[in-house]
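Residue numbers (this note's numbering): 19 to 278.
Here the structure is laid out as C-alpha cells; the discussion comes afterwards.
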C-alpha cells in the first residue's frame, strides 16, 4: 500500500498544478511586495548581499568501524538574495556560504511562484522550490539536491494588509556522500505569511519536510524584514533555522537591498 501511495503522489501533484494553471488569470499580481516607499513599476529586480553568523550542528551515524560523529561550530556566513517580481510571477533565490570546522558549506535555495487573482479573498498559488547543499565534512563530502513542486491557496486580508499562503508539495531528496547514496520521496507542508506596514515588509515562512521512506520529519523556518531607505534601496534582516538529514543550521544575516 505504501508503495502504491508513493507512486501516485507525483502524478497527483502534477494534475493539481495543471488544474491551477487552467484557472490562472492573466492579470495576476505577485504575492511578493516591498515597502511602499520602494515599490514602483510592474517589474522589480532586486539584489540583497548579506553577511551574518551561522551555527551548524553536524551528526553522522557510524559506518562499520567508524564511530558516530557529532560536531558543532559557529562561523561567519555570506549570502546573496536575488528577487525577480512581475505582475504574475515571482522568483526568489538565495545563495550562501559558511566555513564551519575549517571546511566549506555552500547552498542555494530557489523558489518560484505563480499567484491567483487578488480581487478574491482566496486565490491559487503554484510553484516549486529547489534546495542544493554541498557540505564538506572531516570524513566525506555530502551533496544534497531536493526539487519540489507545490500548490496552495493564498488568503488576502487587505485591511491589515496581510496575506497567508498555506501549501503542500511533493519532491525527491537526492543525497550523495562518500559512503552512501539516497533517493527518498518527500512531502512538504508549508505556510508563508506576508504583512505590509508603512515602512516595513515582513515575511515569515515555515516548512515541514516529511521523508516518506525514512519516516522522519525536518523543520525549516525563515523570517525576513525589509525596511525602505529610498526608492531604490532598503535594508534587509533575514534568519533561518533548517534541519536536514545530517545537519541543523541556525543563521542570521543582514545587508542592503537594491532595486533595478
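Each residue gets a CB set at the ideal place from its N, CA and C atoms; glycine is no exception.
query, result
"Cβ distance (whole Å) where residue 162 is taken to contact residue 193 below 8 angstroms", "5 angstroms"
"Residue-level contact to chain B via CB, residue 207, 8 angstroms cutoff", "Here chain B cannot be found, since the structure has a single protein chain."
"The region 244–251 contacting the region 130–146, beta-carbon criterion three pairs below 8 angstroms", "no"
"Pairwise C-alpha distance: residue 152 and residue 139", "41 angstroms"
"Residue range of the unbroken beta strand (DSSP E) whose run includes residue 242", "234–248"
"8 angstroms contact criterion, which residue 104 and residue 61 should meet: CB distance rounded", "5 angstroms"
"First through last residue of the beta strand (DSSP E) which encompasses residue 113", "107–116"
"Of the residues 196, 142, 110, the one placed nearest residue 127, counting alpha carbons only", "110"
"Buried/exposed call for residue 166, threshold 16 Cβ in 10 Å", "buried"
"Boundaries (first-last residue) of the beta strand (DSSP E) holding residue 174", "159–175"
"Cβ shell of residue 206 (< 6 angstroms), same chain only, five flanking positions each side left out", "166, 187, 225, 227"
"Spatial distance of residue 223 from residue 270 (CA atoms)", "15 angstroms"
"Residue 87 versus residue 77 - alpha carbon distance", "6 angstroms"
"CA nearest to the CA of residue 122, picked from 91, 100, 99, 145", "91"
"Three-state secondary structure assigned by DSSP to residue 120", "helix"
"Endpoints, the beta strand (DSSP E) within which residue 196 is located", "Careful: residue 196 lies outside any beta strand (DSSP E) and carries neither H nor E."
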